[in-house]
Structures are given as structure tokens and as C-alpha cells.
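This report refers to the structure that appears directly beneath it.
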Amino acid sequence: MQSISRRGFVVSAAAAGAAFGLDGALDFGGQAFAQAPAGPEVVKFKLGDLEVIQMSDGIWEKAHDEKFIRNASLDETKAALKAAGLTDAYVPIPFTVTAVRTQGGLVLFDSGTGAQLAPTAGNITKNNLWKAAGIDPASVTNIVITHFHGDHISGLMAKDTNEPIFPNAQIHVPAAEYKFWTNPTVTAGAAKRIQAVFPNWKNIRQFEGEIEVLPGVRAISTPGHTPGHTSYHMGSGNQQLVVLGDLTNIRALNLTNPGWHLVFDADPNLAEAGRRKMFDRAVAEGITLTGYHWGMPGAGKLTKQGNGYGFEPVKA
Ligand SMILES: [Zn+2]
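Numbering (our numbering), first residue to last: -14 to 301.
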């Protein structure tokens, strides 16, 4: 099963700016939000023992901004979008929540925007999406988080009340990420909300380093985008999957140009080093990668292509 329906979802720039942990760094003013070209809402595929289920939470049509890529011009950005077959009227940034059925059970990676960033986002809060994915959200018992930007964790908390959306789930978070965002001197993005909510939740488990977080799910430390950013590896041989999180932004930008420094990366040089290391490993080992902002189908293998990387999407 691949295509359930095709709809576009958009979020407001201001809300998404907050979600990305930006602190007024970008000018989000005055753009129109047209319907984005969206892929299917749910994609499922198998990788050995793993069943991968990807759910589209929506697409943010980010207005162009000269500051968006620190070391590329607006013209270069538009050219890269166009070369990838995307519109160059704005930057289409999808949100993709990945679930994997492993031998140990279902694991959810990140939680979506929770319909809290804009009225048009938050497909992940709709029962129909979960139904199409074949997952009962009440049965989710393990959620693994890549990092604490709002577009990845808002789906854990109810709007206004901050009540847990997944009360039956244990939420596994990198200790370095938790430590950074719960430091009261950090105020960017979702920091204040994190500081008000997470310390009171009993179901958050912090883990240190590159451990096996859950049976068959191994953490890979990939700092740079945020201080504790972590990716996750599953499977073996030619049936390996890595959930990248935000080790890259959209493919049209960061696969073609792994050296482009997007404003969302807190430490762009560290982010780039981790990105290149992961991409080269993925090419060498034939690893299937998926990025939170890769859209649908949101997973595939990489090939070396010029100074960047080509992409062969999974067959769903
Ligand atoms: Zn993100």
C-alpha cells in the first residue's frame, strides 16, 4: 500500500520558526501560502525483519530568505530546488513521522507538530492517518526522539494543557539533548515549554551515548543541528535503516550540497561533518536512510553523485 490520498498541508512561517528553535533569526513576513505538492500520506515498506511505516504530518512552504542558507545565495537555493523538480517559489519542507515494527515491537521516531504550529499542519493528530498507517496511537509504548526542536516534539504534548498525548509510552531521549534544553538559560524555540513539562513527566528516559536504546535500535550521536541530536540505526547487512532526524534538511538542498549550512543547524560545521560521515557510510554499506524533512517516499539509498549524493527511493 502506498498512496492513501494526496493532500497538501502547510504551516505558518512564524509558528514554524518557533518550532525550529529560532529566536527571531529569520524574517517570516509577508508571503502567500499556496497548496504544496504533497506525496502520499502514508508509505510502508519492509527491510528484512523491519516494517517501516511513514506518516506525513504536512509540508511547510517556507518563504525564501537570504539568511536561510549561510553559504549559498538565494539564486543557488532556487536553482537547487528547480533541479530537483520542486517549485522554486518557496522552500517546501515536509514533516515525516517514522514508525518501525521491530522484533521488539513498534517504535515511533519523533512525534510531529501536534497541530500546534498552524491550523493547517498536524496531520499526525488525525485518526484517519493512524488508521491508514495501521497503528493504534493508544498502543504506542516506545517513542524515540532525535532532538527537541518543536516540529519533532510538539506532538507529545496537548495544546494549551501540555497533557501527554502518549501516556502509555516511554519516551527515550538523548541525555545531552535533555540537558541542553532544560537549562533555564536556554530560551530559544520550545525551551520554556520543555522546561515546564518534561521534568514533571515520569515516562521520559534519558540515555547516554551510542547505546542500544531498545532491542535492535542503536543510537548514533550526530550533534550539530542541536547539541544532543541523535540518529538511530536498525537492521543489519543490506537491510539496514538509519532514521536521520535532522542530520539533513530537504534532499534537494542537503543531498546535492552536503556542505550547505542551513540556519537551523546550531553548529553548522559539526552538522556538516556528521552529515558527510553518515552519507559516505550509507553509500559504502547500502544503508537505507530516512530524514524527517525528506517528504514522501521519505526513505531510500544514496549514491555518490558529483560533489553530492543521488537518491534511490525505496519501493513501497
Ligand atoms: Zn526538524
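Glycine residues also receive a C-beta, built at the ideal position from the N, C-alpha and C atoms. None of the values given here were measured: they were computed from a predicted structure.
Quiz item: Does the Cβ of HIS134 lie closer than 8 Å to at least one heavy atom of ligand 1?
Solution: Checking the Cβ of HIS134 against ligand 1 gives yes.
Quiz item: Who are GLN155's beta bridge partners in DSSP?
Solution: Its beta-bridge partners are ASN127.
Quiz item: Under the criterion of a Cβ to heavy atom distance below 8 Å, does TYR277 qualify as lining ligand 1?
Solution: For ligand 1, at least one heavy atom lies less than 8 Å from the Cβ of TYR277.
Practice problem: Within its chain, find whatever has a CB closer than 8 Å to the CB of ALA68; leave out the 5 residues flanking it on each side and keep chain order. | Solution: So the list reads ALA237 and THR241, once near-sequence residues are dropped.
Quiz prompt | Segments assigned beta strand (DSSP E), at least 3 residues, entirely inside the segment 162 to 202 | solution = Listed in chain order, they are 189 to 192 and 197 to 199.
Quiz item: Quick check: the segment 57 to 74 against the segment 114 to 127, are there 3 or more CB pairs under 8 Å?
Solution: These segments do not touch.
Exercise. Could you check the C-alpha separation between ASP8 and THR110 for me, to the nearest Å?
Key: Bear in mind that a pLDDT of 40 at ASP8, under 50, signals an unreliable position, so the number given afterwards is only what the model happens to contain. In a straight line, the C-alpha of ASP8 is about 26 Å away from that of THR110.
Quiz prompt | ALA68 in three-state terms, based on DSSP | solution = DSSP, read as helix, strand or coil, puts ALA68 in helix.
Quiz item: Which residues in the same chain as PHE192 place their Cβ atom closer than 8 Å to its Cβ, once the five residues preceding and following it in sequence are excluded?
Solution: In its chain, beyond the 5 residues on either side, HIS157, VAL158, PRO159, ALA160, VAL198 and ALA204 have a beta carbon closer than 8 Å to the beta carbon of PHE192.
Quiz item: Is it true that the CB of GLY99 sits closer than 9 Å to the CB of LEU35?
Solution: No, the Cβ-Cβ distance between LEU35 and GLY99 is not below 9 Å.
Quiz item: Can the beta-carbon of LEU232 be found closer than 9 Å to that of THR207?
Solution: Yes; because the gap between Cβ atoms is below 9 Å, this pair is in contact.
Practice problem: List the endpoints of the continuous alpha helix (DSSP H) containing ALA74. | Solution: For ALA74, no alpha helix (DSSP H) segment is defined, and its DSSP state is neither H nor E.
Practice problem: Under 8 Å by Cβ, that's how I've got LEU32 and LEU226 pegged, so tell me the actual separation to the nearest angstrom. | Solution: In this structure LEU32 is in contact with LEU226, their Cβ atoms being roughly 5 Å apart against a cut-off of 8 Å.
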